[in-house]
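S.K.: To start, I am sharing the structure in question, which I have written as structure tokens.
Right, here's the structure in full:
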């Protein structure tokens, strides 16, 4: 009869494994707490936005359209069509306006 039996388990290896398991569990708990804090912060921000009073209405002066330029007529379609035509730039026409004057030869 043999009384040796199975080898005894290595207690150091079990302790290292247990310590590593506890470290992983602690890291998981820390990460979970950080995530919960971020969610709480987001909830507080959303609640503040939800309960905030609405922004004030626009000023009364903004209700009517106002020209952005002093010469608002130039920005209208008819003002653009008027423009500065070639007739105003001609030098061979007397006075720059009026009918065509043909010089005599």
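Residue numbers (the numbering used here): 10 to 114.
For every residue, glycine included, the Cβ atom is placed at its ideal position computed from N, Cα and C.
Small disclaimer: the values here were computed from a predicted structure and weren't measured.
1. DSSP three-state label for residue 20, please.
2. In angstroms with no decimal places, state the Cα-to-Cα distance between residue 40 and residue 58.
3. How many angstroms separate the CA atom of residue 42 from the CA atom of residue 32?
4. Whole angstroms are fine: how far does the CA of residue 65 sit from the CA of residue 55?
5. Distance check for residue 26 and residue 44, CA to CA, integer angstroms please.
6. Where residue 48 and residue 20 are concerned, what is the direct C-alpha to C-alpha distance, given to the nearest angstrom?
7. From residue 35 to residue 24, what distance separates their C-alpha atoms?
M.R.: In terms of the structure at hand:
1. helix
2. 27 Å
3. 15 Å
4. 20 Å
5. 27 Å
6. 42 Å
7. 16 Å
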